[in-house]
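Have a look at the structure below before the remarks.
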Amino acid sequence: MPTKRSLAGVLGAMTLALASALTAPAQAAPTAVAPTTSPAPARTELLAPGAGVQCTQGNFCASVWDPTAGRFRLFYFYACTRYYLANWNNWGEAMNSQTGGAVAVTYGSSGTVLNRYPADNAPYAVDWTPVYSIRNC
């Protein structure tokens, strides 16, 4: 025997299905991720709006946009090692204030040298997007 469905029952089921579809969780917007390094640098700080890099003696310093803070973040690299970068995008600055003529080097994804920064305490504009690592000495 065929099952009879009332118009009210069918409309109720359709309403429930439509309400369920409309209240399904929306796709979350991508969340901002802060730039980091491994190993961690000696320290980091957020720069005041409009401030440029000021690097204390003995450090290689690099600034990069931090979308989680809406400001540039300044990294102080002191210990002589290779630092691997994560979420470093777009333009920032670099300044080498190390002593003894230490040259900082940036590397691309395949390990190729992208640039060298002499210990001259001068600010350099840097596109961090292709940089995968930094060796500060």
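Numbers 274 to 410, taken from this note's numbering, label the letters of the sequence shown in order.
Ideal Cβ placement from N, Cα and C applies to all residues, glycine included.
Rounded to a whole number of angstroms, what is the C-alpha to C-alpha distance between residue i and residue j?
i: L295; j: W401; result: Reliability of the predicted coordinates at L295 is poor, the pLDDT of 40 falling under 50, and the value obtained from them is presented with this limitation in mind. C-alpha separation (whole angstroms): 42 Å.
i: G343; j: G381; result: 26 Å
i: R389; j: T379; result: 7 Å
i: V306; j: S383; result: 24 Å
i: N332; j: W338; result: 19 Å
i: A321; j: G373; result: 30 Å
i: L347; j: V404; result: 16 Å
i: L319; j: V326; result: 11 Å
i: Q436; j: P303; result: Outside the displayed span of the chain (274 to 410) sits residue 436, for which this structure offers no information.
i: A377; j: F345; result: 20 Å
i: Y349; j: E366; result: 12 Å
Please identify the residue among the options whose C-alpha is closest to the C-alpha of residue i.
i: V386; options: R408, T309, A395; result: R408
i: P314; options: P303, Q330, S370, A335; result: A335
i: A375; options: Y351, G365, S383, A359; result: Y351
i: P396; options: A324, A305, N362, V306; result: A324
Could you tell me which residues DSSP puts in a beta bridge with residue i?
i: D393; result: According to DSSP, which records beta bridges pairwise, D393 is partnered with nothing at all.
i: C334; result: Y349, M368
i: N409; result: Its beta-bridge partners do not exist; DSSP assigns none.
i: A375; result: DSSP lists no partner for A375.
i: V326; result: None; V326 has no bridge partner.
i: T309; result: A359
Tell me which residues share the same chain as residue i and place their Cβ nearer than 7 Å to its Cβ, disregarding the 5 neighbours each side in the sequence.
i: P312; result: T354, Y356
i: S406; result: R355, Y356, Y357, L358, Y380
Please report the Cβ distance between residue i and residue j, rounded to the nearest whole angstrom; I am assuming they are in contact, meaning their Cβ atoms lie under 8 Å.
i: C328; j: M368; result: 4 Å
i: T317; j: A359; result: So it is not a contact: roughly 13 Å between Cβ atoms.
i: A398; j: W364; result: 6 Å
Only counting the same chain, and skipping five residues up and downstream in sequence, which positions put a Cβ closer than 6 Å to that of residue i?
i: N394; result: S370
i: P340; result: A305
i: N362; result: T402
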